[in-house]
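Enquirer: Structure in structure tokens, see below.
2 protein chains.
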Amino acid sequence: MTRASLSAAPKTVRVDLGDRSYDILIGPGLIATAAGEIAGRLKGRRMAVITDEHVAPLYLEPLMASLKEKGIEAVSLVLPAGEKTKSFEHLIPVCEAILGARIERNDAVIALGGGVIGDLTGFAAGIARRGSRFIQIPTSLLAQVDSSVGGKTGINSPHGKNLIGVFHQPDLVLADTDVLDTLSPREFRAGYAEVAKYGLIDKPDFFAWLEKNWQAVFAGGEARIEAIAISCQAKADVVAADERENGRRALLNLGHTFGHALEAATQYDGRRLVHGEGVAIGMVLAHQFSARMNLASPDDATRVETHLKAVGLPTRMNDIPGTLPPAEKLMDAIAQDKKVKGGKLTFILTRGIGQSFVADDVPANEVLRFLEEKHPG
Amino acid sequence: MTRASLSAAPKTVRVDLGDRSYDILIGPGLIATAAGEIAGRLKGRRMAVITDEHVAPLYLEPLMASLKEKGIEAVSLVLPAGEKTKSFEHLIPVCEAILGARIERNDAVIALGGGVIGDLTGFAAGIARRGSRFIQIPTSLLAQVDSSVGGKTGINSPHGKNLIGVFHQPDLVLADTDVLDTLSPREFRAGYAEVAKYGLIDKPDFFAWLEKNWQAVFAGGEARIEAIAISCQAKADVVAADERENGRRALLNLGHTFGHALEAATQYDGRRLVHGEGVAIGMVLAHQFSARMNLASPDDATRVETHLKAVGLPTRMNDIPGTLPPAEKLMDAIAQDKKVKGGKLTFILTRGIGQSFVADDVPANEVLRFLEEKHPG
Ligand SMILES: NC(=O)c1ccc[n+]([C@@H]2O[C@H](COP(=O)([O-])OP(=O)(O)OC[C@H]3O[C@@H](n4cnc5c(N)ncnc54)[C@H](O)[C@@H]3O)[C@@H](O)[C@H]2O)c1
Ligand SMILES: NC(=O)c1ccc[n+]([C@@H]2O[C@H](COP(=O)([O-])OP(=O)(O)OC[C@H]3O[C@@H](n4cnc5c(N)ncnc54)[C@H](O)[C@@H]3O)[C@@H](O)[C@H]2O)c1
Ligand SMILES: [Zn+2]
Ligand SMILES: [Zn+2]
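First to last, the sequence lines map onto chains D and C.
So in UniProt numbering, spot 314 of the first sequence is number 314, and the numbers just go up one at a time.
So in UniProt numbering, spot 130 of the second sequence is number 130, and the numbers just go up one at a time.
As structure tokens, this is what we get:
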């Protein structure tokens, strides 16, 4: 955390997955130089760029110009912004655009946007011609530190979030830290929840560093790059150790079981709750529930809540505008969540800050009682 | 070819793919005993069965009864029959049915039907929860000897056949050879084209055996089981050596580049042309084109055509009812086919019966001239 580099060269985090290993470049100005990084790594000269209506007016033009300059022929497709875009309705035109652009073996599909565009585009790249090359240019903090790394792609179903998708690793990730300046403060905070998560999983020192330095991270510059690089490294380490989420990778779901239930309960309506906000509330709930199960000290739950509240994140179910369905309905969403095993509930619980673990047999009725307590009526 | 087993126990072909290896069982009466085979291999007790409107009235009931008897809770979904079912339109309800059935880690999705149901269901299983267990119960000859083995799944796009999908290996394949008795003679012949293909790829003795014994294969009994087992073994060997179709696996496409172009040219209208018929014509064309390129003797092309014609398969483009688009249009379909590499055409050509090979740099203009010759106007 104390090494601070002042050089202009981007930081590189390597995701080690044998012959599917790839680099994450993190630094300022990467969109303008994207084509150089791509052309140096991929032989193909045809690309399809998928982005959304918020990101397109800001960054599509410079990216297309950079590609053109390197002799890369690219088509682009602009989709509506928001979680609802992660659906079959939008997957279909993305697939057709990729096929229509005649993307071949060495060409690539590029996702330019937040996690929604990354997840949707990665899925489309994963199924077009049974797997096309894929480049992530994440433009939200959440996408830079989390969704663009690790190869999980997918869309939502009426039955739940991210229930349909594939594992499809990118060939390259370009995290341009400058573009975060146009991200709304609310979205920046939401992404920050995932940064804090890495501290809470197994990096107590990083969490403590964030408690002191979060304002510098929000302001930009070296502290921001550092926080993103540490986060990417943390995720890359977990992914390399457990690509398919059978063991350790599940730790990345800290706060997500509760978080996903809340997102479902608010119909994925970003006006009420965005993903990172659900994760923030979920992480506080996970620490409180762990305390209730006598696994961790209630002081740790308080410390987590205090920090997340300080940066401006919601930390309680009551912080969500509008009415939430009763606790029992939330439980339905939790039981349909991917982390179900033969009827028992799998949760990420903790023994304290930076001491998370996978609990395989959490009694559903304990969770229900806890939720009823936290959200009466 | 000479070993003939008279025992009632099904033949087993093992597909060797490390920790994703699986068995193909081939024999009479397997649908009635399906649940026993499944319960012996999978821990899950929840299944979703996907089938089509032709197969459902014949075999769904006995399968569901067998599952119920073993304490397996199953839901079923019946789709329209035919190639057009391999589309996003039908993929969506299959995914939702799987998720709605709450298929968990050890449960499975079952495809009961021909290659259409197998490809579509396998794709849905491959993306539901980023990969659910999958059992193939192929009911057409083509599905038993080809599509149910090897893990290629997918749907069609307006841009071409099978352009969207994933590799997703089944956990078990149950080929009940009795059910082929209700298959229409035309569909049986179409599947037989793929059986003959294995001989033409690299088993000249098997092809010679088929020339003598094809009537017994059509009649049923041991010769049929034997031919199916040899075909499955041939495909299993190729798949084990090259799961992702980078090298040797491409040989399985013998006859398919031309065949797919003809399927596209007839708008996948099964009344005019079914897959195996396209492959039959395609294999004859591949041998004729190889002869034209001075790679093989024209006598081999004649021998292939004579045999396929004897069993009642179409062997020439003119055998297809209705008008075909001009040769140039057929070329468009060939160039969009998956086997395109950087603009050059990849074809499976041959040096004679059972001596196929992958040709990487077939000049497109030679193919066009050949097609114009074979299909003037
Ligand atoms: N695949 C994974 O491993 C993984 C991990 C975590 C989250 N996710 C998914 O990520 C999604 C959330 O990602 P998100 O928070 O990035 O959402 P998002 O993609 O909706 O982006 C948030 C908003 O910010 C806008 N935006 C993005 N970059 C911008 C920029 N530089 N300037 C201005 N506006 C910008 C977007 O248009 C959108 O309106 C969820 O769907 C979640 O499920 C996936
Ligand atoms: N995945 C692969 O590796 C692979 C390989 C080869 C072909 N395929 C695909 O397979 C498909 C063709 O398969 P198909 O020929 O089985 O087509 P199909 O599934 O359409 O079946 C042919 C017809 O026979 C009916 N039928 C099936 N079994 C029957 C039975 N026992 N009794 C009576 N009727 C029955 C079906 O309802 C259908 O009308 C194509 O889409 C092709 O692309 C895939
Ligand atoms: Zn998250
Ligand atoms: Zn075929």
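Even for Gly, the Cβ is constructed at its ideal location relative to N, Cα and C.
Does any C-beta atom of chain C lie closer than 9 Å to the C-beta of D/Lys152?
Expert: Your numbering for residue 152 of chain D matches position 152 in the first sequence. Chain C, which has a Cβ nearer than 9 Å to the Cβ of D/Lys152, makes this yes.
Enquirer: With D/Leu254 as the anchor, note down where its alpha helix (DSSP H) starts and where it stops.
Expert: Residue mapping note: residue 254 of chain D aligns to position 254 of the first sequence, counting from 1. Segment: none, D/Leu254 is in no alpha helix (DSSP H) and carries neither H nor E.
Enquirer: Does DSSP classify C/Asp176 as helix, strand or coil?
Expert: Looking up residue 176 of chain C in the second sequence gives position 176. Looking at C/Asp176 - three-state DSSP - the assignment turns out to be strand.
Enquirer: Per DSSP, what kind of secondary structure is D/Arg46 in: helix, strand or coil?
Expert: Translated into the one-based positions of the first sequence, residue 46 of chain D becomes position 46. Strand at D/Arg46.
Enquirer: Say the cut is 8 Å; is the CB of C/Gly276 nearer than that to a heavy atom of ligand 4?
Expert: Here the question's residue 276 of chain C lines up with position 276 in the second sequence. Yes.
Enquirer: Closer than 9 Å, CB to CB, is D/Ile334 near chain C or not?
Expert: Residue 334 of chain D sits at position 334 when you count from the first residue of the first sequence. Not one chain C Cβ lies under 9 Å of D/Ile334.
Enquirer: Give the single residue among D/Leu313, D/His90 and D/Ala241 whose Cα lies nearest to the Cα of D/Phe123.
Expert: Mapped onto the first sequence, residue 123 of chain D falls at position 123. For the residues D/Leu313, D/His90 and D/Ala241, the minimum Cα distance to D/Phe123 belongs to D/His90.
Enquirer: Once the 5 residues before and after D/Val15 are set aside, which same chain residues still bring their CB inside 7 Å of it?
Expert: Here residue 15 of chain D corresponds to residue number 15 of the first sequence, with the count starting at 1. Closer than 7 Å at Cβ, skipping near neighbours: Ser21, Tyr22, Ile24, Val149, Ala236, Val239 and Ala240.
Enquirer: Looking at chain C, is there any beta carbon in it that lies within less than 9 Å of the beta carbon of D/Ala4?
Expert: Within the first sequence, the letter at position 4 stands for residue 4 of chain D. The pLDDT assigned to D/Ala4 is 39, lower than 50, so where the model puts this residue is not dependable, and the model offers no usable value.
Enquirer: Determine the contact status of D/Lys203 and D/Gly71, defining contact as a CB-CB distance below 9 Å.
Expert: Mapped onto the first sequence, residue 203 of chain D falls at position 203. Mapped onto the first sequence, residue 71 of chain D falls at position 71. No. Outside cutoff.
Enquirer: Are the beta-carbon atoms of C/Val173 and C/Pro138 separated by less than 9 Å?
Expert: As a working note, residue 173 of chain C is residue 173 in the second sequence. As a working note, residue 138 of chain C is residue 138 in the second sequence. Their beta carbons are under 9 Å apart, which means C/Val173 touches C/Pro138 by this criterion.
Enquirer: Note down the Cα distance separating D/Glu69 from D/Ala34, rounded to an integer number of angstroms.
Expert: As a working mapping, residue 69 of chain D is identified with position 69 in the first sequence. As a working mapping, residue 34 of chain D is identified with position 34 in the first sequence. Their backbone Cα atoms lie some 11 Å apart in a straight line.
Enquirer: Could you give the uninterrupted runs of the beta strand (DSSP E) lying entirely in the region 44 to 100 of chain C, keeping only those of 3 residues or more?
Expert: Here the runs fully enclosed are 46 to 52 and 73 to 79.
Enquirer: Starting from D/Gln233, trace the alpha helix (DSSP H) both ways and give me its first and last residue.
Expert: As a working mapping, residue 233 of chain D is identified with position 233 in the first sequence. Counting along the chain, the alpha helix (DSSP H) containing D/Gln233 begins and ends at Glu222 to Ala241.
Enquirer: What number of angstroms, rounded off, separates the C-alpha of D/Lys248 from the C-alpha of C/Met283?
Expert: Against the first sequence, residue 248 of chain D aligns to sequence position 248. Against the second sequence, residue 283 of chain C aligns to sequence position 283. Looking at the sequence shown, residue 248 of chain D is not Lys but Arg. Looking at the two C-alpha atoms, the distance is approximately 50 Å.
Enquirer: Taking C-beta pairs closer than 8 Å, name the residues in chain D that C/Val166 reaches, listed in chain order.
Expert: Position 166 of the second sequence, counting from 1, holds the residue named residue 166 of chain C. Ordered by position in chain D, the residues that pass the 8 Å Cβ test against C/Val166 are Gly126, Ile127, Arg130, Gly131 and Val166.
Enquirer: Taking all protein chains shown into account, decide if C/Lys339 is buried (16 or more other Cβ within 10 angstroms of its Cβ) or exposed.
Expert: In the second sequence, the residue the question calls residue 339 of chain C occupies position 339. For C/Lys339, the predicted structure reports a pLDDT of 49, less than 50, and the residue's modelled location is therefore unreliable. A value from the coordinates is still provided. Counting Cβ neighbours within 10 Å, C/Lys339 comes out buried, since at least 16 surround it.
Enquirer: Of the residues C/Gly18, C/Ala310, C/Gly113 and C/Glu83, which one's Cα is nearest the Cα of C/Gln215?
Expert: If you number the second sequence from 1, residue 215 of chain C lands on position 215. The residue among C/Gly18, C/Ala310, C/Gly113 and C/Glu83 with its C-alpha nearest the C-alpha of C/Gln215 is C/Ala310.
Enquirer: Could you give the distance in angstroms between the alpha-carbon of D/Gly342 and the alpha-carbon of C/Arg105?
Expert: As a first step, residue 342 of chain D is located in the first sequence; it is residue number 342 there, counting from the start. As a first step, residue 105 of chain C is located in the second sequence; it is residue number 105 there, counting from the start. With a pLDDT of 44 at D/Gly342, under the threshold of 50, the modelled position of this residue cannot be trusted; read the value that follows with caution. For D/Gly342 and C/Arg105, the distance between alpha carbons rounds to 8 Å.
Enquirer: Could you list which residues in chain D have their beta carbon closer than 8 Å to that of C/His159, in chain order?
Expert: Taking the first residue of the second sequence as position 1, residue 159 of chain C is located at position 159. Those are Glu96, Leu99 and Gly100, listed as they occur along chain D.
Enquirer: Which residues mark the beginning and the end of the alpha helix (DSSP H) in which D/Gly278 is found?
Expert: Walking along the first sequence from the start, residue 278 of chain D turns up at place 278. Annotation for D/Gly278: the continuous alpha helix (DSSP H) segment containing it runs His275 to Arg292.
Enquirer: Please report whether the beta-carbon of D/Cys92 lies at a distance below 9 Å from any beta-carbon of chain C.
Expert: On the first sequence, position 92 is the one that residue 92 of chain D refers to. Checking the sequence, you will find Ile at residue 92 of chain D rather than Cys. Yes, because at least one Cβ of chain C sits closer than 9 Å to the Cβ of D/Ile92.
Enquirer: From the DSSP output, in three-state form, read off D/Ile31 for me.
Expert: Indexing the first sequence from 1 puts residue 31 of chain D at position 31. In this structure, D/Ile31 counts as coil in the three-state DSSP scheme.
Enquirer: Note the first and the last residue of the continuous beta strand (DSSP E) segment covering C/Arg14.
Expert: Stepping through the second sequence from its first residue, residue 14 of chain C is reached at position 14. Its beta strand (DSSP E) spans residues Lys11 to Val15.
Enquirer: Name the DSSP beta bridge partners of C/Thr350, please?
Expert: Position 350 of the second sequence, counting from 1, holds the residue named residue 350 of chain C. Beta-bridge pairing links C/Thr350 to C/Ser356.
Enquirer: Work out the CA separation of C/Arg271 and C/Gly322 for me, nearest whole Å.
Expert: Taking the second sequence and counting its residues from 1, the one referred to as residue 322 of chain C is at position 322. Taking the second sequence and counting its residues from 1, the one referred to as residue 271 of chain C is at position 271. C/Gly322 and C/Arg271: Cα-Cα distance of roughly 10 Å.
Enquirer: Evaluate contact between the region 158 to 165 of chain D and the region 94 to 113 of chain C, counting only Cβ atoms and requiring at least three cross-stretch pairs below 8 Å.
Expert: yes
Enquirer: Which residues does DSSP pair with D/Val109 in a beta bridge?
Expert: By one-based count along the first sequence, residue 109 of chain D stands at place 109. In DSSP, D/Val109 forms a bridge with D/Ala48 and D/Phe134.
Enquirer: Check whether the Cβ of D/Leu251 lies closer than 9 Å to any Cβ atom in chain C.
Expert: Along the first sequence, read from residue 1 onward, the residue named residue 251 of chain D stands at position 251. Not closer than 9 Å to any Cβ of chain C, the Cβ of D/Leu251 fails to qualify, so no.
Enquirer: Identify the contact partners of D/Phe88 in chain C, using a Cβ-Cβ distance below 7 Å as the criterion.
Expert: Translated into positions along the first sequence, residue 88 of chain D becomes position 88. Phe88 and Ile92, listed in chain order.
Enquirer: Would you mind stating whether D/Ala261 and D/Ala333 have Cβ atoms separated by less than 9 Å?
Expert: For this step, residue 261 of chain D is matched to residue 261 along the first sequence. For this step, residue 333 of chain D is matched to residue 333 along the first sequence. Yes. Within cutoff.
Enquirer: What I want to know is whether the C-beta of C/Val279 ends up closer than 8 Å to one or more non-hydrogen atoms of ligand 4.
Expert: Position 279 of the second sequence, counted from the first residue, corresponds to residue 279 of chain C. The answer is yes for C/Val279.
Enquirer: Could you check whether the Cβ of D/Gly259 sits closer than 8 Å to any heavy atom belonging to ligand 3?
Expert: For this step, residue 259 of chain D is matched to residue 259 along the first sequence. Yes.
Enquirer: Can you tell me where the beta strand (DSSP E) holding C/Gly247 begins and where it ends?
Expert: Working through the second sequence from its first residue, we reach residue 247 of chain C at position 247. From DSSP, C/Gly247 is part of no beta strand (DSSP E); its letter is neither H nor E.
Enquirer: Would you identify the three-state DSSP class for D/Leu330, choosing helix, strand or coil?
Expert: Locating residue 330 of chain D in the first sequence gives position 330, where the first residue counts as 1. In this structure, D/Leu330 counts as helix in the three-state DSSP scheme.
Enquirer: Would you say D/Phe134 faces chain C, with C-beta separation under 9 Å as the test?
Expert: For this step, residue 134 of chain D is matched to residue 134 along the first sequence. No, because no Cβ of chain C sits closer than 9 Å to the Cβ of D/Phe134.
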